[in-house]
Amino acid sequence: MLNRIILIGRLTRDPELRYTPAGVAVTQFTLAVDRNFTGQNGEREADFIPVVTWRQLAETCANYLRKGRLTAVEGRIQVRNYENNEGKRVYVTEVIADNVRFLESAQSREGGNTSSGASSMPEEPAYGGGGNAGRGNNNNNFSRNNNTQDPFSGDGKPIDISDDDLPF
301 MLNRIILIGR LTRDPELRYT PAGVAVTQFT LAVDRNFTGQ NGEREADFIP VVTWRQLAET
361 CANYLRKGRL TAVEGRIQVR NYENNEGKRV YVTEVIADNV RFLESAQSRE GGNTSSGASS
421 MPEEPAYGGG GNAGRGNNNN NFSRNNNTQD PFSGDGKPID ISDDDLPF
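The sequence shown begins at 301 in our numbering and counts up one residue at a time.
Structure (structure tokens):
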């Protein structure tokens, strides 16, 4: 059996960070995910999917995610139910995220760009939670504070590699 989901969308509002009575961090936010087709009126429709993160991932999401940010979420679907104040059974379907990737930095969202030759890095890395800690880290080895150039930044010329250099 398999219960995995991957979503890419934009946050509809800032995440809400709360703590359980035991002190465990939990964050909730909603991801607006565009559909691949347009509706009868010719406009693109979206699904609004509730997402829940726990522990360190919850705190990271609360600190770095904001309304409108493009985000990828990997996790599982959970259906839970409870009885509301009027005695009716309420069913809730939500995504329990174990990996969240921040697909754009706040700087790129605001239209800023770097004029230096150093490689541009996102302000905040992406993080995975649970057993995936560190898996989604987007940092590279090039710092904004030194003059190290990215050896793969393109001047448009092909890279000359001999067949002996290839591992296959």
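Ideal Cβ positions, reconstructed from N, Cα and C, are used throughout, including at glycine.
Exposure of D398, with buried meaning 16 or more beta-carbon neighbours within 10 Å
Around the beta carbon of D398, a 10 Å sphere encloses 16 or more other beta carbons of the protein chains shown; the residue is thus reported as buried.
With distance defined between alpha-carbon atoms, name the residue in M301, N385, T312 nearest to K367.
For K367, the closest alpha carbon among the candidates M301, N385, T312 is that of T312.
On the three-state DSSP scale, how would you describe R355?
Helix, per DSSP.
Along the chain, where does the beta strand (DSSP E) that runs through E316 open and close?
Its beta strand (DSSP E) spans residues 316-319.
Residue of F402, N384, G342 minimising C-alpha distance to E374
Among F402, N384, G342, the Cα nearest to that of E374 is on F402.
Assuming E343 is part of the beta strand (DSSP E), what are its boundary residues?
Counting along the chain, no beta strand (DSSP E) covers E343, and no H or E run does either.
Own chain residues within Cβ distance below 6 Å of R310, not counting five before or after:
Hits under 6 Å: A332, G368, L370.
For a test of the three-state rule: what should DSSP assign to A322, helix, strand or coil?
Of the three classes helix, strand and coil, the one that applies to A322 here is coil, per DSSP.
Neighbourhood of Q378 by C-beta distance below 7 Å, restricted to the same chain and skipping five residues each side:
If we look at Q378 and ignore the five residues flanking it on each side, its Cβ neighbours are E394, I396.
Counting C-beta neighbours from all protein chains within 10 Å, is the total for P350 16 or more, i.e. buried, or is it exposed?
That one is exposed.
Among residues of its own chain, excluding the 5 on either side of A358, which ones have a beta-carbon nearer than 6 Å to its beta-carbon?
So the list reads A325, V326, T327, once near-sequence residues are dropped.
Tell me which same chain residues have a C-beta within less than 7 Å of the C-beta of A281, skipping the five on either side of it?
Shown here, the chain extends from 301 to 468; a query on residue 281 therefore has no answer.
I'd like the ranges of any beta strand (DSSP E) spanning at least 3 consecutive residues and lying wholly in the segment 371-399.
Listed in chain order, nothing qualifies, since the segment 371-399 has no complete beta strand (DSSP E) run of 3 or more residues.
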